[in-house]
Amino acid sequence: MSEQKTETAGAGETGERVRALLAAAGLPASEAEIRRFAAAYPGYRAAADALYAVPEARYADPALRFRAEARITDWA
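By full-length UniProt numbering, the letter at position 53 of the sequence shown is numbered 53, and the numbering carries on one by one without gaps.
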């Protein structure tokens, strides 16, 4: 999602986006909860976008990997 579109999204559009995200996740929410999520959404969206805004980290691997390789230990 483009940063410019996120910044210019109105309250109604943000509310609809929050409804769509909650529906896609199968999470029920009351109207009061949706309003609170919609109010907080721009900040969370900006924070998530900032994770990818660092050019130097573009190809970095941000997660540690668990490698389930067996190590044979000689107990004798």
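Glycine included, each C-beta is placed from N, C-alpha and C at the ideal position. Keep in mind it's a predicted model, so treat the numbers as computed, not measured.
According to the neighbour-count rule (16 or more other Cβ atoms, all chains shown, within 10 Å of its Cβ), is residue i buried or exposed?
i, result
"residue 18", "buried"
"residue 37", "buried"
"residue 43", "exposed"
Over what stretch of residues does the alpha helix (DSSP H) that includes residue i continue unbroken?
i, result
"residue 73", "Here residue 73 belongs to no alpha helix (DSSP H), and DSSP marks it neither H nor E."
Kindly indicate which three-state DSSP category residue i falls into: helix, strand or coil?
i, result
"residue 37", "helix"
"residue 13", "helix"
"residue 64", "coil"
"residue 44", "helix"
"residue 56", "helix"
Can you check whether the CB of residue j is closer than 8 Å to the CB of residue i?
i, j, result
"residue 34", "residue 12", "no"
"residue 21", "residue 29", "no"
Does any residue of chain B have a CB that is nearer than 8 Å to the CB of residue i?
i, result
"residue 45", "In summary, chain B is missing from the structure at hand, where a single protein chain is found."
So is the beta-carbon of residue i under 7 Å away from any non-hydrogen atom of the ligand ZN?
i, result
"residue 32", "You won't find the ligand ZN in this model; it holds no ligand whatsoever."
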